[in-house]
Amino acid sequence: MQTFWKDTLLLVEHTETFGRGLLVEGLVNALVSNIMNKREIPFGKPWIDEEEKRAVAEVLDSPILVHGPRVKQFEEDFGRFTAAPHSLAMASCTAALHLASFYAGIGPGDEVIVPAQTHIATAHAVEFCGGTCVFVDAELETGNIDIDQIELAITERTKALAVVHFLGMPVDMPAVCSIANRHNLFLVEDCALAIGTFVDGLHAGLHGDAGCFSFYPVKHITTAEGGMMITTRSDVAKKMHFLRAFGVDRTVGERKVPGVYDVPMLGYNYRMNEIEAALGVEQVKRLPEMLRRRAENHRTLSQQLETIDEISLFATSNNRLKSSYYCLSVLLSDRLAAKRFDIVAYLRSKGVGTSVYYPKPVPHMTYYRDKYGIGESAFPNALRISEHSISLPVGPHLNEDDMCYIAATLKDAVASV
Ligand SMILES: *Cc1c(COP(=O)(O)O)cnc(C)c1O
């Protein structure tokens, strides 16, 4: 009832704004949801405040919508947070991954090692360039690429290697880097869920040749659509600059005389715009607080779930590998996995949003399965993760109380199926 009175006070305070009709409706809703004890815990929820709204409005009031100071600012701020020597804002993480393949010169006949358990974009980036994906299975402990299997997949045609920090838990990069060095492979890190992910104190994305981040709404921070590439290599950064803007040889700012430029190479239009960057600048300011809440929520929920038989948790941070705690995925026993959608529906009915990362391993998605002739039981660990896991939310929109509620609800669900 306590929340009912809180809601009521809030509504009364805002009667002026909402009008009396809405006040009555709001009171009835608040009473009903309190009586039914109904909570809403969405899987993800962008944290957008007045600052973001003001920043976007300022862009719209200005004459510059693209090629402006906000993108520069966002790149600088993101670079400061990750300690990246070079940061390049992009239209999306997929755009950044595509440019990485393009830069590496991937084309027909070239092979790229790709994790079987990842977002489809990691593999699509190779296909865009006409390259061939050679998938490598996941390890069950973390969901990350099984490093021991990488070298078995390398041939004389292998030109690049992509890894994903699965749900923000880092791949052990020094081991991967030495393989890439030994075979002279361009190394791409898909860091879409890895803002705040560190390996030996160095941020994810700075171990390989290019690290690609996503600012899609359910990620750690959002610019609606958007991405960022970071790199320690000045040669990569310099060329990416051109590749993301048609291959034009100088930026608008560098053109002393309008209309004088040349195009020495092929390039895309993969820029981020000023509206997106304005959102990004505000979001980065809140990043430490967002990551702190995720880590805390993850810890609380892990502790409570450890006591449930029939579910197991992925390995998480240790003193070398620090996760960004994108979500908390649980692996169900065979018995529970057969009832997974009943469990998900039960959680849903109690207001708990969930997700599945990822519904199928990439090579089992129709496009890849048909193109590559993948067998039904290939990549068994990636399959097991796809078929046995449920991902629970730990985002900054949630608190300790929400974590207790999720754990209790999952316990009820497990007992009821
Ligand atoms: C979300 C995501 C992407 C794609 O990001 P976009 O910004 O939507 O292009 C790629 N890889 C991983 C691991 C993701 O989670």
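Under the numbering used here, the residues of the sequence shown are numbered -4 to 412, in order.
Glycine included, every Cβ here is placed at the ideal spot set by N, Cα and C.
With 8 Å as the threshold, decide whether the Cβ of lysine 251 is near any Cβ in chain D. Included in the structure is just one protein chain, with no chain D present.
Euclidean distance between Cα positions of arginine 315 and aspartate 167: 9 Å
Between lysine 355 and ligand 1, is there a pair consisting of the residue's CB and a ligand heavy atom that are separated by less than 7 Å? no
Kindly provide the chain-ordered list of residues whose Cβ lies closer than 7 Å to any non-hydrogen atom of ligand 1. Ser87, Cys88, Thr89, Ala90, Leu92, Thr113, His114, Ala116, Thr117, Val159, Asp185, Ala187, Leu188, Ser209, Phe210, Tyr211, Lys214, Glu220, Gly221 and Gly222
Extent of the continuous beta strand (DSSP E) run through cysteine 172: That residue, cysteine 172, is in no beta strand (DSSP E); its alpha helix (DSSP H) goes 168 to 178.
Exposed or buried, threonine 12, counting other C-beta atoms within 10 Å across all chains shown (16 or more means buried)? In this predicted model, threonine 12 has a pLDDT of only 45, less than 50, meaning its place in the structure is not dependable; the value taken from the coordinates is given anyway. Under this definition threonine 12 is an exposed residue.
Let's test the definition: count the other Cβ atoms within 10 Å of the Cβ of glycine 206 and tell me whether it reaches 16, buried, or not, exposed. buried
Measure the C-alpha to C-alpha separation of valine 231 and serine 82 and round it to an integer number of angstroms. 11 Å
Tell me the rounded alpha-carbon separation between phenylalanine 373 and proline 354. The sequence given here has alanine at residue 373, not phenylalanine. Straight-line Cα distance between these residues: approximately 15 Å.
Within the same chain, show all residues whose beta-carbon is closer than 8 Å to that of glutamate 395, passing over the 5 residues directly before and after it, in chain order. Glu291, Asn292 and Thr295
Using 8 Å as the Cβ pair cut-off and three pairs as the minimum, do the segment 81 to 99 and the segment 219 to 239 touch? yes
Give a yes or no on whether the C-beta atoms belonging to valine 54 and alanine 273 are separated by under 8 Å. yes
For serine 344, which of helix, strand or coil comes out of DSSP? helix
With a threshold of 16 other CB atoms inside 10 Å of the CB of lysine 154, please say whether the residue is buried or exposed. buried
Kindly confirm or deny that the segment 328 to 341 and the segment 400 to 409 touch, where touching means at least three C-beta pairs closer than 8 Å. yes
In chain order, what residues of the same chain have a beta carbon less than 7 Å from the beta carbon of leucine 5, not counting five sequence neighbours either side? With a pLDDT of 49 at leucine 5, under the threshold of 50, the modelled position of this residue cannot be trusted; read the value that follows with caution. So the list is empty, once near-sequence residues are dropped.
Roughly how many angstroms lie between the CA atoms of arginine 75 and alanine 187, to the nearest whole one? 18 Å
Per-residue DSSP class, three states only, for glutamate 249: helix
Compare the beta carbon distance of alanine 91 and methionine 223 with 8 Å and say whether it is the shorter of the two. yes
Thinking isoleucine 101 and valine 129 are a contact (beta carbons under 8 Å), I'd like their distance in whole angstroms, please. Rounded, the Cβ-Cβ distance is 12 Å, inconsistent with contact.
Aspartate 204, enclosing beta strand (DSSP E) - first and last residue: Unbroken run through aspartate 204: none, as it is neither H nor E.
Contact between the segment 44 to 59 and the segment 168 to 176 (3+ Cβ pairs under 8 Å): no
Proline 391 by DSSP, collapsed to three states: which one? coil
With the cut-off set at 8 Å, would you say valine 325 and isoleucine 270 are in Cβ contact? no
Endpoints, the beta strand (DSSP E) within which aspartate 185 is located: 181 to 185
Straight-line CA distance for histidine 202 to lysine 233? 18 Å
Is it buried or exposed for leucine 156, if we count other Cβ within 10 angstroms and need 16 for buried? buried
Residue range of the beta strand (DSSP E) that threonine 117 falls in? Note, threonine 117: premise wrong, no beta strand (DSSP E); alpha helix (DSSP H) at 115 to 123.
Separation of tyrosine 321 from isoleucine 216, as counted between CA atoms: 11 Å
CA-CA distance, valine 213 and leucine 261? 32 Å
Considering only the beta carbon of each residue, do leucine 323 and serine 297 sit closer than 8 Å? yes
Identity of the residue in His392, Arg289, Gly221 and Val351 nearest glutamate 70 by Cα: Gly221
Please name the residue in Arg364, Asp257 and Pro391 whose C-alpha comes closest to that of isoleucine 115. Arg364
Could you check the C-alpha separation between glycine 242 and valine 255 for me, to the nearest Å? 14 Å
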